[in-house]
Each structure stands twice: as C-alpha cells, then as structure tokens.
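Residue numbers (the working numbering): 160 to 262.
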C-alpha cells in the first residue's frame, strides 16, 4: 500500500513525469533528454536530464543509507525512514505554497 501511495503522490516533478519507486523509466528519460541536448544543444533537455539523474542518484543514496542504518540500528532504522518521509512531506507543501504565490 505504501508503494501505491508513493506512486500516486509523486507523479510529477517540475512538470516532468517521474517514477520515484523505480529507476528504469527515469534512466530511459534521463538518457533520452541527454541525447536531445547533445543533438540539439537545447538547455531544456539538459535540465530535464539532470533532474532525472538527480532522482536516480537520490534513490541509490537512499538504498545505501538504508542498508547502513539497518546494519547499525536493526528494526529501529525505520525511525530514520520516517524522519526523511516527514521532511519530504513538508517540503511538498512548501513548494505548492511558493507556486501559488508566484501565480
């Protein structure tokens, strides 16, 4: 259920469709946009590519940190995950407020 909530909650980032629960589609989109940048020299493609690669790197860092905390704290490592989720949750609403103010 948590995976389903994450998939539905974080469908777009800066107008780009992003899958935050898996990397395959993001890797394809990142590489496709990088190719678009190299072919057309359009910075919009570069920005999109960097965004997708950033999401992939965050995913990998999260997996590594999760493994480290599990080895150190065992089941208490879930507390660290909850803290990161709360931070993400509040950041999501902060960005929405800033977008509304910009309109």
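Backbone N, C-alpha and C fix where the C-beta goes; we use that ideal spot for every residue, glycine too.
CB contact flag (residue i, residue j, <8 Å)
i: residue 205; j: residue 218; result: no
i: residue 226; j: residue 211; result: no
i: residue 236; j: residue 228; result: yes
Among the options, the one whose alpha carbon lies nearest that of residue i
i: residue 220; options: 245, 193, 240 and 248; result: 240
i: residue 189; options: 232, 199 and 213; result: 213
Classification of residue i by the beta-carbon crowding that lies within 10 angstroms, buried from 16 upward
i: residue 222; result: exposed
i: residue 201; result: exposed
i: residue 207; result: buried
Cβ distance (whole Å) where residue i is taken to contact residue j below 8 Å
i: residue 209; j: residue 186; result: The Cβ separation is near 13 Å, so there is no contact.
N- and C-terminal bounds of the alpha helix (DSSP H) containing residue i
i: residue 234; result: Segment: none, residue 234 is in no alpha helix (DSSP H) and carries neither H nor E.
i: residue 270; result: Here the chain comprises residues numbered 160 to 262, so residue 270 is not present and cannot be evaluated.
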